[in-house]
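Structure, as structure tokens:
In our numbering, the protein residues as written are 89 to 509.
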């Protein structure tokens, strides 16, 4: 009995430790790296493209095989008056095989086309991985912005509460007017309204993140620090990296598949063959009393691609136009990537300069101006609306600096996508 109670106690303690450990793991803040890993592992878009690629791989093998041979069974020249198989010398029971051979190298090019389509889907999966990473990172940065914007507004709310106390104290000493107190209360109400808007936007950002990693993990996402990535490098370096983007590799695979389709269409101008061989069993005896010999038959039939104007010619023209379309799509995607790279690189550079300007001048100067206006107001050298505008300007400047920093990171995320990282 003692040993049984002891085992129960040990089991309870072990279960409690597991529960506490799992609860601690779940309650720990989610990192961006963990969010990226989770998004890649559970993305249905990636899994769909990978499944299509595997399916086309199997289809490529099947497309390169000959069709199954046909078994032929039948009777020939059976007399209808008696249905006696030994009555007539040409009556026979026939067993044969028939095999078709497609035109030219149709099997090879049809299989090759499937392989190229499989490669296209595989590269599409790589593109989707980059898109998933891009969306997770952008959603993470949005959430970071709105959570930190809330912190900035809450800090400014403390300042306006202090301003309200100052105006109420000065009003009690006949150094301020009632409208100053009302204006301070109005500014606090405006901040409350901005907090509601920020809460709404942070919920939207979290929902966007949940689209990729699920609501449970998104709930534990609390980005407190900006992620860091290496600098994008020189403009020409990114231009070179774009040429290896999965989108262009997908287009190249579709161009190759289109070229295979053109070659396949050209094979239709060649004849296809069907080979048949049959063995005929005969019954009865010849006039000399000897057993009738069996018959062996062989036959070759072939297509005659003579009337090609409305079939082969049209099919070839269709495949050529589709190939041209794929080539133009590849060029269009390349130009779009170049355009995106140029614009995002410019945004990244300008946001970098703007961030430095805010950090070194605009934000410190706005803070100094607010403090100087506060001192002037307490010495009755300015009015309260001017003071309120000074602190609102400080708040807006801090939010603008935060936005510039986040926008620079967003531009870097977009460049990472273009670089295939």
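Backbone N, C-alpha and C fix where the C-beta goes; we use that ideal spot for every residue, glycine too.
Spatial neighbours of residue 229 in its own chain (CB-CB distance under 6 Å, excluding positions within 5 residues in sequence) are listed in chain order as 494, 497 and 498. Only exposed fits residue 317, as fewer than 16 other CB atoms lie within 10 angstroms of its CB.
Secondary structure note for residue 392: it is in no alpha helix (DSSP H), with a DSSP letter that is neither H nor E.
Under DSSP, residue 364 shares a beta bridge with 186 and 387. If you check the CB distance, residue 220 and residue 292 do not come in under 9 Å.
In the three-state reduction of the DSSP assignment, residue 158 falls in the strand class. In the displayed model, residue 118 falls within a strand according to three-state DSSP. The residue among 187, 130, 136 and 224 with its C-alpha nearest the C-alpha of residue 505 is 224. When DSSP reads this structure, residue 369 sits in a beta bridge with 181.
In the structure shown, residue 354 adopts helical secondary structure according to DSSP, grouped into three states. Exposed is the label assigned to residue 257, since fewer than 16 other Cβ atoms lie within 10 Å of its Cβ. Per the C-alpha coordinates, the member of 138, 222 and 237 positioned closest to residue 491 is 237. The three-state secondary structure of residue 379, taken from DSSP, is strand.
Contact between the region 368-380 and the region 159-175 is present, with at least three C-beta pairs closer than 8 Å. Residue 268 and residue 245 have their C-alpha atoms roughly 17 Å apart. Annotated three-state conformation of residue 164 is strand, per DSSP.
Less than 9 Å divides the Cβ of residue 241 from the Cβ of residue 283.
Annotated as distal: residue 205 and residue 182, with beta-carbon spacing of 9 Å or more. Residue 298 sits in a helix when the DSSP states are folded into three classes. Here residue 352 is not near residue 189, since their CB atoms are 9 Å or more apart. Note on geometry: alpha-carbon atoms of residue 119 and residue 146 lie some 39 Å from one another. With a 10 Å radius around the Cβ and a threshold of 16 neighbouring Cβ atoms, residue 270 comes out exposed. Residue 469 and residue 448 have their C-alpha atoms some 29 Å from each other. Going by DSSP, residue 309 is part of no alpha helix (DSSP H) at all; its letter is neither H nor E. Going by beta carbons, residue 421 and residue 339 fall inside the 9 Å limit. In this structure, the alpha-carbon of residue 279 lies about 11 Å from that of residue 249.
With three or more CB-CB distances shorter than 8 Å, the region 120-131 counts as touching the region 297-316. The C-alpha of residue 192 is placed about 18 Å away from the C-alpha of residue 345. At the C-beta level, residue 364 and residue 388 come within 9 Å of one another. Leaving aside the five residues that flank residue 157 on each side, the residues in its chain whose CB is nearer than 6 Å to its CB run, in chain order, 185 and 187.
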